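Residue numbers (my numbering): 47 to 244.
Note that beta-carbon positions come from the ideal geometry of N, C-alpha and C, so glycine has one too.
What you are looking at is a predicted structure, and each value in this text was computed from that prediction instead of being measured.
Given below as structure tokens:
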């Protein structure tokens, strides 16, 4: 299973359930990291393309509506994180690019006073699914141990930043304004809690 899909450590549980036992954290090259997204092997991503194509064709008629919903959710979440520039680096769309964000990815600033794991745990306890960003600096994943690869002399600082402090929350097109407001409300609750401790 690990080779068939992405090579993630969690692939062996793909057909089971991990609900209620999501422990999240392992040390990955000195970073507290979500163990669902640790890559032990370089996967091939061989999945049933015919089934995927059939689903995709059926969904094409919904694309404009789904895209509009994702754009609205993206704008709501960007506006919320912009209220805390000292804590978060929100995503941005490249000028001239038309995209439908799959999830809402952002980076916690290094000097924010909390770790990504703190915010993820807070949100997960309130029923809000979170993830680390896949995968930041792939050169630091276990699958690269013993592999020959090159990187710039200064390393990959942007990829390291994403790996160490990047996370995401859902903004699925099935979520409405109330759902996004729920996510925002609990991010704000976390921020208020942390600022109250300072």
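Problem set entry | Simplified DSSP assignment, three categories, for residue 191 | coil
Exercise. What do you get for residue 186, buried or exposed, if any count of 16 or more other CB atoms within 10 angstroms of its CB means buried?
Worked result: buried
Problem set entry | Closest Cα partner of residue 223 within the set 83, 114, 128 | 114
Exercise. For residue 202, which residues from the same chain have a beta carbon less than 6 Å from its beta carbon, with the 5 sequence-adjacent residues on both sides left out?
Worked result: 183
Problem set entry | Span of the beta strand (DSSP E) around residue 138 | Unbroken run through residue 138: none, as it is neither H nor E.
Problem set entry | Element boundaries [alpha helix (DSSP H), containing residue 102] | 95-105
Exercise. Can at least three beta-carbon pairs, one atom from the region 144-154 and one from the region 213-230, be found at a separation below 8 Å?
Worked result: yes
Problem set entry | Contact check, residue 211 vs residue 162, beta carbons under 8 Å | yes
Exercise. Based on the DSSP output, what are the partners of residue 178 in its beta bridges?
Worked result: 213
For this session: Please confirm if the region 189-198 is in contact with the region 113-127, defined as three or more CB-CB distances below 8 Å between the two stretches.
Result: no
Exercise. If you run the structure through DSSP and keep just helix, strand and coil, what is residue 78?
Worked result: strand
Exercise. What is the residue span of the alpha helix (DSSP H) that residue 120 lies within?
Worked result: 109-128
Problem set entry | Nearest-angstrom Cα separation, counted from residue 181 out to residue 236 | 25 Å
Problem set entry | Exposure label - residue 158; buried when at least 16 CB within 10 Å | buried
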